[in-house]
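Residue numbers (the working numbering): 377 to 894.
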C-alpha cells in the first residue's frame, strides 16, 4: 500500500468514525437529574470502594458498605462521590483492567446494589460519578482474548494489532508494544491492559452504549480515565493527539445530553486544555497539588503560584491535595510529616479556591499511608473507621490490605470525639463553601501573595467573600480589599483570634473568611 493510499484510507476511516458519532447524537429521551443544577460545584470525595467499608465480612469493601455510610459523607458536607472503577475487572485491586464494562465487580456487589447506592445518595443530595476507562480493556477481556487466539477474529481490529512489531517507541521509559506469536499489540499502560483501536467505529459505538447503560441507570457523570492516550499516531506523536481531544469531546457531549451530568477528565499533561467546555468541561489540576503542599509549609514561591493559578486557568478545573496515584504525591498526612497545622492550611487552600475540590478518602480524618506498603498500595489502604488495631472498623473479618500507620491516633471515631479535629475543620470549610455561592461558583479577583500571606475575593452576583490565609508562623499585617462594605468576619481557624482593625493583623498559620456585602 502506498503512503497516498494509506493516507486516504485513514481519512476515510476517520470520516466513518465521525459519521457514526453524528448518528449517535440521536439519543433516546434523556433521564432528568434529581440534583440541584450546580451540584457538581460542591466538594467531591474520591472513594476506592475496595478500601472504604466492608458489609459482609470478606475483608473487601463493597457497595453496600458505602451505602450504609452515606450519612458520614452527608454530615461532612460533600456533594459528590467519585467511585474508582467498580466494573468487573481482572486485577482484583484498582479496577482499571476491565473485563466487563456493563457489570459490577462481584467483589463489590451487584447491579441492584449499585441502583440502591444511587437512590440513597440522591436522597441525601449527593451525586455519584464513576470511573470509566476508554483507552483499554483487560487482557482477559473476552474480545481481546478472541483477537489474540484468532487473527481473523471480528475483534482483531478492536485492538491495536500489528503483524510486525513497530520500532522506536518509548512511553514513560518502556516499549508499549507486546510481542505474541500472533503479532504485536499496543499496551500503553502495560501488557495486562491492551489499547482499544479507537479509530474503529464499532469500538466507539461500544463505549457509547456502555456509557448510556450507566447513564440510564442514574449515574450522575463520569471521570474519564487517561483521555490523552486514546489515539497514538506514531512513535513520536503518541501523547495528546488532536484525535484524542475530538473523541473526548464527543463522549462528553453524549454524557451531557443527559441533564445535570458532570464530566471530569484525567489529562496530566494539559489539564487546562481539557477543562475547556468544548472538550471535557472539567479536568484535574495536575501540578497545583504540589504547590498546595509547599504553600502549606510556608514556601513563598509556592504561595505566589497558588495565587496566580486561577487567574489564568478555567474555573472548571478540579483541585485536590492527593489522589490514588502516587505520582501525584503521597497521602497528605505523609506529605506534611504529620503536621496538623500544615495539613489544615493545605485543606483551606484548595477547598476555598475556584474549581471543584476532590477530597481523597481518609484525607478528612488525617489518614496516613498503609503500614509497610510501597507504591500505589501504600496510599490505597482500608479506611480507618475506628482505632481497632486488627480491623480499623473497616471489616468484621480480616482486612485485605495493611491498615494506616497512624490508626491509633487518627480514625473517624476519634475525629468525631475530638474538638477542633481535622474532620471538623473540613466540615467547617465545606459548610461555608456550600452556604456561599461565591465560594463554590464565584469569580476570583484581587488575588495577591505578599510573602507568606495569600488573599483574594470571590464574587457571585451581589455576594462577595474575602479569603485570607497566613502561612507564616508569625502574625501578619493586612489591609482589607477595596469595597464599599465593612468586612464582616464569618470564620476564623485553626486560630480563633479575630482580626484587630481595618488595617489589622491575622494570627500566624490561620485562615479567615469575610463577607463583603453591604
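Using N, Cα and C, we set each Cβ at its ideal position, and we do this for glycine too.
Owing to the predicted nature of the structure, the values given are computational and were not obtained by experimental measurement.
Where the alpha helix (DSSP H) through residue 808 begins and ends: The residue given as residue 808 occupies position 432 in the chain shown. That run of the alpha helix (DSSP H) goes 798 to 811.
Proximity to residue 531 [Cα-Cα], best of 435, 808, 522: Taking the first residue of the chain shown as position 1, residue 531 is located at position 155. Looking at the Cα atoms, 522 is the closest of the given residues.
Contacting residues, own chain, Cβ-Cβ under 7 Å from residue 547 (five flanking each side not counted): By one-based count along the chain shown, residue 547 stands at place 171. Hits under 7 Å: 564, 614.
Contact under 9 Å by Cβ, residue 640 with residue 511: Here the question's residue 640 lines up with position 264 in the chain shown. Here the question's residue 511 lines up with position 135 in the chain shown. No, the pair does not count as a contact, with Cβ atoms beyond the cut-off.
N- and C-terminal bounds of the beta strand (DSSP E) containing residue 866: The count along the chain shown starts at 1 and reaches residue 866 at position 490. Run containing residue 866: 864 to 869, per the beta strand (DSSP E) assignment.
Three or more C-beta pairs below 8 Å linking the region 831 to 850 and the region 716 to 725: yes
Cβ contact (3+ pairs, closer than 8 Å) linking the region 645 to 655 and the region 675 to 693: yes
Three or more C-beta pairs below 8 Å linking the region 532 to 552 and the region 473 to 488: no
Bounding residues of the beta strand (DSSP E) (the contiguous stretch that carries residue 711): Counting from one through the chain shown, the residue named residue 711 turns up at place 335. Taken as a continuous stretch (DSSP letters only), residue 711 belongs to no beta strand (DSSP E), being part of the alpha helix (DSSP H) at 708 to 711.
Straight-line gap, residue 450 to residue 802 (C-alpha atoms, nearest Å): Stepping through the chain shown from its first residue, residue 450 is reached at position 74. Stepping through the chain shown from its first residue, residue 802 is reached at position 426. Each residue's Cα considered, the two are about 13 Å apart.
Stretch-stretch touch, CB-based, cutoff 8 Å, three pairs: the region 827 to 839 with the region 755 to 763: no
N- and C-terminal bounds of the beta strand (DSSP E) containing residue 422: Position 46 of the chain shown, counted from the start, is the residue given in the question as residue 422. From DSSP, the beta strand (DSSP E) with residue 422 extends over 420 to 423.
C-alpha gap between residue 710 and residue 743, whole angstroms: For the purposes of this step, residue 710 is taken as residue 334 along the chain shown, with counting starting at 1. For the purposes of this step, residue 743 is taken as residue 367 along the chain shown, with counting starting at 1. Roughly 9 Å separates the two Cα atoms.
Backbone secondary structure at residue 334 - three-state DSSP: Because the chain is modelled from 377 through 894, residue 334 falls outside the range shown and cannot be assessed.
Per-residue burial, residue 403 [other beta carbons within 10 Å of its own, 16 or more giving buried]: Taking the first residue of the chain shown as position 1, residue 403 is located at position 27. With a pLDDT of only 41 at residue 403, under the threshold of 50, the placement of this residue in the model should not be trusted; the figure read from the coordinates follows. So residue 403 counts as exposed.
At least 3 beta-carbon pairs within less than 8 Å: the region 611 to 631 vs the region 674 to 681: no
Where residue 490 sits in the DSSP three-state scheme: Working through the chain shown from its first residue, we reach residue 490 at position 114. Helix at residue 490.
Reduced DSSP category for residue 652 - H, G, I as helix; E, B as strand; rest coil: Position 276 of the chain shown holds residue 652. Three-state DSSP puts residue 652 in coil, outside helix and strand.
Cβ neighbour criterion (16 or more within 10 Å) applied to residue 504: Taking the chain shown and counting its residues from 1, the one referred to as residue 504 is at position 128. By the 10 Å Cβ count, residue 504 comes out buried.
For residue 514, the nearest candidate out of 427, 475, 524 (CA to CA): As a working note, residue 514 is residue 138 in the chain shown. Of the candidates 427, 475, 524, the one whose C-alpha sits nearest the C-alpha of residue 514 is 475.
Residue 826 - containing beta strand (DSSP E), residue span: By one-based count along the chain shown, residue 826 stands at place 450. 821 to 826 is the extent of the beta strand (DSSP E) around residue 826.
Spatial distance of residue 745 from residue 791 (CA atoms): To locate residue 745, count along the chain shown from 1; it is residue 369. To locate residue 791, count along the chain shown from 1; it is residue 415. Taking the straight line joining both Cα atoms gives about 17 Å.
Enclosing beta strand (DSSP E) for residue 693 [first to last residue]: Residue 693 sits at position 317 when you count from the first residue of the chain shown. Counting along the chain, the beta strand (DSSP E) containing residue 693 begins and ends at 693 to 696.
Rounded separation between residue 338 and residue 773 - CA only: Here the chain covers residues 377 to 894 and nothing more, so residue 338 does not appear.
Extent of the continuous alpha helix (DSSP H) to which residue 598 belongs: Sequence index remark: in the chain shown, residue 598 carries index 222 (1-based). Premise fails: residue 598 lies in the beta strand (DSSP E), 597 to 601, not in any alpha helix (DSSP H).
Supposed close pair residue 871, residue 886 - CB separation, criterion 8 Å: One-based indexing of the chain shown puts residue 871 at position 495. One-based indexing of the chain shown puts residue 886 at position 510. Right, their Cβ atoms sit about 4 Å apart.
Validate contact between the region 621 to 630 and the region 578 to 590 using beta carbons, cut 8 Å, 3 pairs: yes
Residues of its chain near residue 471, where Cβ-Cβ distance is below 8 Å and the 5 sequence neighbours each way are ignored: In the chain shown, counting from the first residue as 1, residue 471 sits at position 95. Cβ neighbours of residue 471 beyond the five flanking positions: 426, 460, 461, 462, 463, 465, 481, 507.
Residue 599 vs residue 458 beta-carbon contact at 9 Å: Here residue 599 is taken as the residue at index 223 of the chain shown, counted from 1. Here residue 458 is taken as the residue at index 82 of the chain shown, counted from 1. Going by C-beta atoms, residue 599 is nearer than 9 Å to residue 458.
Which listed residue (824, 826, 817) has its alpha carbon closest to that of residue 838: Indexing the chain shown from 1 puts residue 838 at position 462. Out of 824, 826, 817, 817 has the C-alpha closest to the C-alpha of residue 838.
Whether residue 695 touches residue 706 by CB criterion (9 Å): Looking up residue 695 in the chain shown gives position 319. Looking up residue 706 in the chain shown gives position 330. No. Outside cutoff.
Spatial neighbours of residue 893 in its chain, beta-carbon cut-off 7 Å, leaving aside the 5 residues before and after: The count along the chain shown starts at 1 and reaches residue 893 at position 517. Cβ within range, chain order: 838, 839, 840, 861.
Cut-off 6 Å between Cβ atoms - residues of its own chain near residue 445, not counting five sequence neighbours on either side: Here residue 445 is taken as the residue at index 69 of the chain shown, counted from 1. Contacts found: 429.
C-alpha distance - residue 594 paired with residue 491, whole-angstrom precision: To locate residue 594, count along the chain shown from 1; it is residue 218. To locate residue 491, count along the chain shown from 1; it is residue 115. Distance between the alpha carbons of residue 594 and residue 491: 8 Å.
Identity of the residue in 670, 731, 813 nearest residue 713 by Cα: Mapped onto the chain shown, residue 713 falls at position 337. Nearest C-alpha to residue 713: 670.
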